[in-house]
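S.K.: After the structure tokens below, expect a handful of questions from me.
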Amino acid sequence: MPVRIRLSRGGAKKRPYYRIVVADSRRARDGKFIEQIGTYNPMLTKDNPERVKVDLNKAKDWIGKGAQPSNRVQLFLSSMGVGEKPIITEKTKKHLPKKKADEKPAEAKADEKPAEEKPAEAKADEKPAEAKAEEKPAKEK
240 MPVRIRLSRG
250 GAKKRPYYRI
260 VVADSRRARD
270 GKFIEQIGTY
280 NPMLTKDNPE
290 RVKVDLNKAK
300 DWIGKGAQPS
310 NRVQLFLSSM
320 GVGEKPIITE
330 KTKKHLPKKK
340 ADEKPAEAKA
350 DEKPAEEKPA
360 EAKADEKPAE
370 AKAEEKPAKE
380 K
């Protein structure tokens with residue numbers, strides 16, 4: 240049975256509170272667990288000792304039995320001196336604009352200047368068309 244040490248969420252809406260539990264990895268996040276070994280309250284300040292509480296003896300025992308801690312729990316345990324800090328990969332930059340997107344506003348600015356000139360020319364073209372339209376009804380009468 241694959242066993243994980245992970246967080247189980249509790250608390251109210253927008254007021255999270257987590258239990259650090261040992262659970263079967265196939266179970267639901269907030270579902271049945273084997274044993275609770277600590278708590279995590281992210282609403283407290285980072286320097287508050289009550290923010291993360293873990294029974295280190297139980298954690299070491301479960302890791303010795305083969306339980307795999309989640310990345311967040313492994314970070315907590317490494318700060319307490321149990322195990323190594325997890326490798327955090329570099330974040331992607333997909334949300335940043337690409338080079339083509341940067342070039343388009345420059346091209347759009349260049350296109351706007353001739354666009355401003357075109358309506359003036361179009362207005363000049365429209366005047367003879369309007370004059371022709373006015374002449375036709377006059378001839379029909």
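Numbering follows my numbering, in which position 64 of the sequence shown is assigned residue number 303; successive positions increment by one, without gaps.
All residues carry an ideal CB built from backbone N, CA and C; glycine is no exception.
1) Keeping to the same chain, check which residues put their C-beta closer than 8 angstroms to that of A251; ignore five residues upstream and five downstream.
2) Just grab the DSSP bridge partners of K292 for me.
3) In terms of residue numbering, what span does the beta strand (DSSP E) encompassing R266 cover?
4) Please classify A298: does DSSP put it in a helix, a strand, or coil?
5) Is R314 helix, strand or coil by DSSP?
6) Would you mind giving the Cβ-Cβ distance between I259 and A306, rounded to the nearest angstrom? I have them listed as a contact below 8 angstroms.
7) Using the Cβ count rule (16 or more neighbours within 10 Å means buried), how would you classify L283?
8) Start and end of the beta strand (DSSP E) containing A306?
M.R.: According to the structure shown:
1) The answer is none, since no qualifying residue turns up.
2) Beta-bridge partners assigned by DSSP to K292: T278.
3) Where R266 is concerned, there is no enclosing beta strand (DSSP E), because DSSP gives it neither an H nor an E.
4) Three-state DSSP puts A298 in a helix.
5) Just to set this straight, residue 314 is Leu in the shown sequence, not Arg. The answer is helix: DSSP assigns L314 an H, G or I state.
6) With a Cβ gap of about 12 angstroms, I259 and A306 do not count as contacting.
7) L283 comes out exposed.
8) Run containing A306: none; DSSP gives neither H nor E here.
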